[in-house]
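Notes to accompany the following structure.
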Amino acid sequence: RPLESSDSEDEGDAAPLKAVFANPYLRVAFLIGILCAVCMVLADYEMKIVASRSMSEEVMAVWFGRFYGAMGVAAFVVQFVLVGRLLNRLGIIKCLMILPVLLAATSLAALAVPTLLIVALSNFLLLTLAETLEQPAEELLFLPLPKRLRIRAQTLVDGALTPIGQGIGGAFLLLLAMASLKVTQVAGIIVALAGAWFVVIR
């Protein structure tokens with residue numbers, strides 16, 4: 061339950077960190093963002109490692125140029141055509157569930173058939189929807205909060221939690237390198253993380 065403070069809390073600039081982390085609603089919201097960031101790091105690694113094994117440097121440069129160009133166009137379309145309609149029709153929670161479900165499905169496919177097309181599709185969906193749909197939906201989670209708590213929570217999300225998630229993802233990569241895991245095993249880890257992400261949202 062997000063609203064645990066009286067209206068008097070709205071006075072002042074921001075709530076103390078202790079009040080933020082003592083709020084179970086915010087802890088769940090923070091965990092959603094961290095899991096998203098970790099999955100982005102691993103999915104990006106998965107795609108690049110498969111690409112490096114199947115292309116020369118010149119071909120890979122052209123391929124990545126097209127990939128990120130197409131992703132930019134797709135993100136533009138999603139942002140201005142789909143996001144508002146999805147949020148209005150499905151609500152915040154169901155919109156938050158879209159990305160982990162798609163990521164789990166494409167990573168399961170990569171687990172069975174680890175081709176560049178499949179891992180690229182997985183990363184394409186993740187990169188396209190993370191900032192256009194996932195991030196706005198996450199930000200809406202903070203609206204019911206008292207002003208002081210909301211200011212502090214949003215500051216933390218923008219300045220600390222995404223780097224923390226990226227750092228955790230980097231630690232995962234170091235462990236993967238030490239264990240010499242295959243692409244299919246990386247896909248399995250992403251499936252597990254996407255499942256945990258979905259459960260946290262539920």
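61 is the number of the first residue of the sequence shown in my numbering; add one for each residue after it.
Just so you know, even glycine gets a beta-carbon here, dropped at the ideal spot from N, CA and C.
Taking Cβ positions, are residue 120 and residue 112 nearer each other than 8 Å?
Closer than 8 Å, so yes.
Rounding to the nearest angstrom, what Cα-Cα distance links residue 129 and residue 109 in this structure?
Cα to Cα, residue 129 sits roughly 20 Å from residue 109.
Counted within 10 angstroms of its Cβ, other Cβ atoms place residue 238 as buried (16 or more) or exposed:
Its Cβ having fewer than 16 others within 10 Å, residue 238 is exposed.
Are there 16 or more other CB atoms within 10 angstroms of the CB of residue 229, so buried, or fewer, so exposed?
Flag for residue 229 reads buried.
Hey, which unbroken runs of the alpha helix (DSSP H) at 4 residues or more fall wholly within the region 125 to 189?
Counting only runs that start and end inside the region 125 to 189, the alpha helix (DSSP H) elements of at least 4 residues fall at 143 to 150, 152 to 172 and 176 to 189.
Three-state secondary structure assigned by DSSP to residue 115
Coil at residue 115, not helix or strand.
Given that a residue counts as buried once 16 or more other Cβ atoms are within 10 Å of its Cβ, and exposed if not, what is residue 172?
Result: exposed.
Give every residue of the same chain whose Cβ lies closer than 8 Å to the Cβ of residue 232, excluding the five residues on either side of it in the sequence, and list them in chain order.
Closer than 8 Å at Cβ, skipping near neighbours: 98, 101, 102 and 249.
Output yes or no for whether 8 Å exceeds the beta carbon distance between residue 201 and residue 152.
Result yes, Cβ atoms of residue 201 and residue 152 sit closer than 8 Å.
For residue 207, the first and last residue of its enclosing alpha helix (DSSP H)
Looking at the DSSP string, the run of the alpha helix (DSSP H) that includes residue 207 is 207 to 216.
Alpha carbon to alpha carbon, how far is residue 226 from residue 93?
Using only the alpha carbons, I get a separation of about 10 Å.
Which first and last residues belong to the alpha helix (DSSP H) in which residue 198 is found?
Start and end: 195 to 200.
Under 8 Å Cβ to Cβ from residue 78, same chain only, skipping five residues before and after it: list those, please.
Here the set comprises nothing.
Can you check which of these residues, 104, 170 and 117, is closest to residue 244 by C-alpha distance?
In this structure, 170 is the residue among 104, 170 and 117 with its C-alpha nearest to the C-alpha of residue 244.
Own chain residues within Cβ distance below 8 Å of residue 168, not counting five before or after
Hits under 8 Å: 247 and 251.
Closer than 8 Å is the cut-off here; do at least three beta carbon pairs connect the region 209 to 225 with the region 136 to 147?
Proximity of the region 209 to 225 to the region 136 to 147 falls short of the contact definition, fewer than three beta-carbon pairs being nearer than 8 Å.
When 117, 253, 141 and 209 are compared against residue 163, the one with the closest alpha-carbon:
Closest in alpha carbon position to residue 163, among 117, 253, 141 and 209, is 253.
From this set, 216, 207, 138 and 211, which residue's C-alpha is nearest residue 184's C-alpha?
Nearest C-alpha to residue 184: 138.
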